[in-house]
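*Asks:*
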Amino acid sequence: MRMATLFLALLLALPVSCAAAQAATAEIHSERPFGYFVGDLIHAFVDIRAEADADLRPASLPSPGPLTISLDLRDSRLEPIAAAEGRRWRLHLTYQTFYVSLDVRDIKIPGFTLIVARPGGDEPLSVPSWSVGVAPLREVTPTKAQEAVDYLRPDGDPPRIGERERERVTMALAAATLLALLLVARDRAIPPFHSRSVRRFARLARRLGPLEWRPADAAQTIEAMQSLHRAIDATAGRSVLSSDLPAFLDAHPQFAPAEAALRRFFDLSERLFYGDAAARDDDMAEIAAVARALARRERAR
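Here the sequence shown stands for residues -23 to -1, 1 to 278, numbered as in mature numbering (1 follows the signal peptide of the UniProt record, and there is no 0).
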């Protein structure tokens, strides 16, 4: 009879022990338990352990915001931790205290409840409240003076900032900018480099540009064509006719990509100078386009 009673008691206690072994736990750890002043951040973390098939409900995690009139939760972050058995999480918490203490005392950090999800249903897990010690900010009393002005002190001298390095950097950047502008002006035959003979096509293209889309009479078209002929002749060092074009391109291979434009120009020249056709409205645009093509190849040398 006594053995049967003992065996029955063991059977009744076994489920309770298993349930206790499987119950989720929460342990609070703070960075330090005391030494906080008004405005300080309080860092803590909660170690949570549960069985392998359990999980935490994200909605039950504490949300940042005011907790009391003088305490805010600034940040809440859940970190999974590897565990040999079951599951483990670390809940990082950052509080900020605004309590203006008149003496050294403890303030309470409110607890909260987490929800642990299990296959059999959700169960609450209470994280209890805990305390930290705060201290007042003591004022420093100066030596008593006769006049109020004696408590004042002159403003400190502003720190001297060395300008030498900044001046050197500024001068170097200014010189580099000026050099770049000069190189661009030389490449584009912009004044003071506009009178260079090697940029005659660039000067002509710039002069014909405004006339390209204006109504041009025959005299302007003939003058533009003569100017382009003179630029080609000056580049070759002699008169260049349509039959001389292959020799011109052999002597000046940089203009070879513009061969098609040059042939169109000489065809137009023969039509206007030796043919009976009158100048068309688009002839000026064609002459300007040839001048631009030659100017691009002129810069490529």
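Heads up, the beta-carbon is just placed ideally off N, CA and C, and yes, glycines get one too.
Pick from A238, D134, R141 and L181: whose alpha carbon is nearest that of E200?
*Replies:* Among A238, D134, R141 and L181, the Cα nearest to that of E200 is on L181.
*Asks:* So the alpha helix (DSSP H) residue 280 belongs to, where does it begin and stop?
*Replies:* A question about residue 280 goes unanswered here, because the residues of the chain that appear run from -23 up to 278.
*Asks:* Using 8 Å as the threshold, is the stretch 94 to 114 in touch with the stretch 75 to 82, meaning 3 or more CB pairs across them?
*Replies:* Touching, yes.
*Asks:* Under a three-way DSSP split, which group does A27 fall into?
*Replies:* DSSP places A27 in strand when its eight states are reduced to three.
*Asks:* Can you tell me whether R177 is buried or exposed? The criterion is at least 16 other CB atoms within 10 Å of its CB, across all chains shown.
*Replies:* Buried, since its Cβ has 16 or more Cβ neighbours within 10 Å.
*Asks:* Spatial neighbours of A(-4) within its chain, please: C-beta separation below 7 Å, excluding the five flanking residues on both sides.
*Replies:* Only weak support is given to the placement of A(-4): the predicted model assigns it a pLDDT of 39, under 50, and the value that follows is read from those uncertain coordinates. Answer for A(-4): no residue qualifies.
*Asks:* Would you report the Cα separation of F11 and T71, rounded to the nearest angstrom?
*Replies:* Between F11 and T71, the C-alpha separation is close to 15 Å.
*Asks:* Tell me, please, whether the stretch 229 to 240 touches the stretch 138 to 156 by the rule of three or more beta-carbon pairs shorter than 8 Å.
*Replies:* Touching, no.
*Asks:* Just to confirm before moving on: does the CB-CB distance between L55 and L44 stay below 8 Å?
*Replies:* No, they are not a contact pair.
*Asks:* Considering only residues of the same chain and omitting the five flanking positions on each side of A27, which have a CB-CB separation below 7 Å?
*Replies:* For A27, where only same-chain residues beyond five positions count, the Cβ hits under 7 Å are A1, G63, R64 and V93.
*Asks:* Report yes if the CB atom of T120 is closer than 8 Å to the CB atom of L102, and no otherwise.
*Replies:* For T120 and L102, no; Cβs fall outside 8 Å.
*Asks:* How would you write the range of the alpha helix (DSSP H) that F178 sits in, first residue to last?
*Replies:* It spans R177 to L185 - the alpha helix (DSSP H) in which F178 sits, taken as one unbroken run.
*Asks:* Output the residue ranges of the beta strand (DSSP E) runs that lie fully inside the stretch 83 to 127 and measure 3 residues or longer, sorted by chain position.
*Replies:* As far as the stretch 83 to 127 is concerned, its whole beta strand (DSSP E) runs of at least 3 residues are 89 to 95, 98 to 104 and 107 to 111.
*Asks:* Would you check if there are 3 or more beta carbon pairs closer than 8 Å linking the stretch 237 to 254 to the stretch 266 to 274?
*Replies:* At 8 Å Cβ cutoff, the stretches touch.
*Asks:* DSSP puts Q73 in a beta bridge; with which residues?
*Replies:* BP columns for Q73 point to L18 and D49.
*Asks:* Between R143 and A157, what straight-line distance do the alpha-carbon atoms span, to the nearest angstrom?
*Replies:* Near 21 Å, if we compare the C-alpha coordinates of A157 and R143.
*Asks:* Is the separation between the beta-carbon of V109 and that of G88 shorter than 8 Å?
*Replies:* No, these two residues do not count as a Cβ contact at 8 Å.
*Asks:* Using a Cβ-Cβ cut-off of 8 Å (strictly less than) and excluding sequence neighbours within five positions of S40, which residues of its own chain qualify?
*Replies:* These residues qualify, in order along the chain: L50 and S53.
*Asks:* Does any residue of chain D bring its CB to less than 8 Å from the CB of A59?
*Replies:* Looking at the structure shown, chain D is missing, and only one protein chain is on hand.
*Asks:* What are the partner residues of R265, as DSSP defines its beta bridges?
*Replies:* Residue identity check: residue 265 is Ala in the sequence provided, not Arg. Paired residue(s): none; A265 is not in a bridge.
*Asks:* Is the Cβ-Cβ distance between I25 and L33 less than 8 Å?
*Replies:* The answer is yes: Cβ separation under 8 Å.
*Asks:* Look at S47 and T74 and say whether their C-beta atoms are less than 8 Å apart.
*Replies:* Yes, these two residues count as a Cβ contact at 8 Å.
*Asks:* Taking Cβ to Cβ, would you say S205 is nearer than 8 Å to F242?
*Replies:* It is worth fixing the name first, because residue 205 is Leu in this sequence and not Ser. Taking 8 Å as the Cβ cut-off, L205 and F242 qualify as a contacting pair.
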